[in-house]
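See structure below.
See the structure below:
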């Protein structure tokens, strides 16, 4: 044994193995650090560890057989003592340097933490989360009031320059949970947490508030207030001011905006409405309307009440991201007077300016209103989400994504923000970010329909098509489908050749008619498509999506003048800019009717979006790019994107993309690509039907019936 150890030392096995382990550790630290920022797959660091582990025995065998000397690589047995000693000095020096580097890499996070945690309250920007105050009233019937007071204090703090405030959705996610303050601070990435309780009895109120450091759980400030309800407005500002003072945050000479309402009864009704509105369901939004209406009737100058009522009406529209049954025109007619009144009463109210997202008359007014709302309240996460969506569709994708990332920093537990993060990142190649957001959704709301929707999208983009379809079908079966989930299910089945547009809505409304027309168009049934689309025009003549769709179908029927007349009022008002600029229907209309100005405008937005040199696009987005360039006659770009989609494993040509085939199908490069996609779709169709026959026989029967219905 001694002889073996002596030989191992002579052949430098221990030294080289030490160097290898140190270098490997540093490489692993780098791999872990860059995985998320570079959107690398989640298994990247695991693969690095496995490869490095496999490399260790190989290195040891190589070291046994060879020596690295100043003269180069030589077999061990002929190495002279001088050369051996020189090599030992090189190895020892390298090992010493690497050990120092290893200590530095390993110790840096702990040194930084020690430096930041005890000497200073925090070295980052001041930040706080306001937890929902606990209702301590005798009958426990003042939850809406406790939540409302908490949110009002949060809103005052959120408008303070230089202070980062976690959004309501994320702060209130901890409601009713006995979570450690340090865990809450870590989850929301804030340095301070405000918690408290409210006890309301008669016309008196007792509020207890405590400001706590999130890193160690120590109290910075605590106070109890016994006041008359008549003092509630001044009390909210007083509490906010004392919090800022305790955090040593300076207001830079600014004072909180004066309140537009001092009517206690109206304020109580407003808080009841806001409590319901925050739940974001059709039933709760409908129930909130009478509270807001009564509040502004009692206090006509209550700007916040008018803004809340206007938002409520717009959320009660039909369609993706909304919750009700109003048409867009009906909702606008109900909301517009309150939007205008709120802006007139309180020109500096962020919530009033943010309503331009729904009620702005021009694209410029929409963006200006959102910009102003975020300027007035930099922590307004919902306005950042709205601006993100607008910029992604109409300004610049990268700018829109930055707004979404900022919103997620403010509101990391928001269902809406994480859902949007999944969708955008999955489409534009950042599958790692999409999966992380989907995991967040699964952890905070495992039973939410939005969580199910995100699982469908992630599996679809990963190529797990059978799993995605079965998840979507189970969501539908359990009544947990969102409109987006239904849309994805319909598009997917349509791409396999099934008539599935009826899945989008259970009712015969304009949404279902739009999808039915679009599906028939993609299958080449122009007359049937026009029949469905015309029905929408009879009841919703102001809808820009259906106007563009029907104009495109009229053009295909040779009725160009009718199509042009239909489009002229919308083009003159600029409302076509509310439609995603790259969608095939719009591009077909612009090309066929030779609307050059609009072609140039949409080209500035869409061209960069489909540039594969700038983004790792998903196969689905590559197909959208194929359709866009094919319709515009840029054949080489279209073919390149279709080839990319096939290489990335596209299972079919999605329905909407088939609308572009008349512009390019005769190109000899396209035919073999379409043949490959058709073969994949045929095989997937057989596989899915087989699986559904076992796992969901009733759905299997419905799909077969749909396939044979036309």
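Residue numbers (this note's numbering): 5 to 714. Beta carbons are placed, not taken as given, at the ideal position from N, Cα and C, and that holds for glycine.
- In this structure, does DSSP put residue 606 in helix, strand or coil? helix
- Taking all protein chains shown into account, decide if residue 583 is buried (16 or more other Cβ within 10 angstroms of its Cβ) or exposed. buried
- Message: Assuming residue 229 is part of the beta strand (DSSP E), what are its boundary residues?
- Response: 223-232
- Task: Output the distance between the C-alpha atoms of residue 137 and residue 202, rounded to the nearest integer angstrom.
- Result: 6 Å
- Neighbourhood of residue 613 by C-beta, 6 Å cutoff - its chain only, sequence neighbours within 5 removed: 401
- Message: On a Cα-Cα basis, can you pick out the residue from 588, 498 and 134 that is closest to residue 628?
- Response: 588
- So which of 592, 559, 595 and 547 has the shortest CA-CA distance to residue 573? 547
- Item | Rounded straight-line distance, which links the Cα of residue 440 to that of residue 20 | 38 Å
- Hey, which unbroken runs of the alpha helix (DSSP H) at 4 residues or more fall wholly within the stretch 606-659? 623-635 and 639-651
- What residue range is occupied by the uninterrupted beta strand (DSSP E) comprising residue 461? Residue 461 -> not in any beta strand (DSSP E); alpha helix (DSSP H) instead, spanning 453-466.
- Task: Return the chain-ordered list of same chain residues with a C-beta closer than 8 Å to the C-beta of residue 290, the five sequence neighbours on each side being excluded.
- Result: 320 and 328
- Message: Please list the terminal residues of the continuous beta strand (DSSP E) segment that includes residue 214.
- Response: 208-217
- Query: For residue 773, is the classification buried or exposed, using 16 other Cβ atoms within 10 angstroms of its Cβ as the cut-off for buried?
  - Reply: Residue 773 lies beyond the residue range present for the chain, which begins at 5 and ends at 714; the question has no answer from this structure.
- Query: Which partner residues does residue 204 have in the DSSP bridge list?
  - Reply: 209
- Query: Can you tell me the Cα-Cα spacing of residue 471 and residue 555, whole angstroms?
  - Reply: 38 Å
- Task: Excluding the 5 residues preceding and the 5 following residue 486 in the sequence, name in chain order all residues of the same chain whose CB lies nearer than 6 Å to its CB.
- Result: 453 and 457
- Find the nearest neighbour of residue 434 within the set 658, 465 and 399, judged by alpha-carbon distance. 465
- Other residues of its chain near residue 279: CB distance less than 6 Å, five sequence neighbours each side excluded: 148 and 151
- Query: Excluding five sequence neighbours on each side, which residues of the same chain lie with their C-beta closer than 6 Å to the C-beta of residue 391?
  - Reply: 374 and 407
- Own chain residues within Cβ distance below 7 Å of residue 1, not counting five before or after: In the structure as shown, the chain starts at 5 and stops at 714, and residue 1 therefore has no counterpart that could be examined.
- Between 144, 356, 52 and 641, which lies nearest to residue 384 when the distance is taken from Cα to Cα? 356
- Task: Compute the distance between the beta-carbons of residue 313 and residue 295, then report whether it is under 7 Å.
- Result: no
- Assumed close pair residue 197, residue 211 - CB separation to whole angstroms, cut-off 8 Å: No, residue 197 and residue 211 are not in contact; Cβ-Cβ is about 16 Å, not under 8 Å.
- Specify whether the stretch 516-529 and the stretch 677-690 touch according to this definition: at least 3 beta carbon pairs, one from each stretch, less than 8 Å apart. no
- Buried or exposed for residue 287, please, with buried defined as at least 16 other CB atoms from any protein chain shown within 10 angstroms of its CB. exposed
- Segment contact flag, the stretch 623-638 with the stretch 650-663, C-beta cutoff 8 Å, min 3 pairs: yes
- First and last residue of the uninterrupted beta strand (DSSP E) at residue 346: No beta strand (DSSP E) contains residue 346, which is instead part of the alpha helix (DSSP H) from 332-349.
- Item | Close beta carbons around residue 230, own chain, < 6 Å, minus the five adjacent residues each side | 210
- Just reading off the beta strand (DSSP E) that residue 134 is part of, what are its end residues? 131-134
- Message: Using only the alpha-carbon positions, how far apart do residue 403 and residue 491 sit?
- Response: 27 Å
- Query: Is the stretch 638-652 touching the stretch 596-607, taking contact as three or more C-beta pairs under 8 Å?
  - Reply: no
- Item | Alpha carbon of residue 515 to alpha carbon of residue 421, nearest angstrom | 24 Å
- Query: Where does residue 622 land, buried or exposed, given buried means 16+ other C-beta within 10 angstroms?
  - Reply: buried
- Reducing DSSP to helix, strand and coil, say where residue 322 ends up. coil
- Flag this pair as touching only if the stretch 302-313 and the stretch 265-274 have three or more C-beta atom pairs under 8 Å; answer yes or no. yes
- Message: If I measure Cβ to Cβ from residue 543 and keep anything under 7 Å in the same chain, skipping five residues before and after, which residues do I get?
- Response: 514
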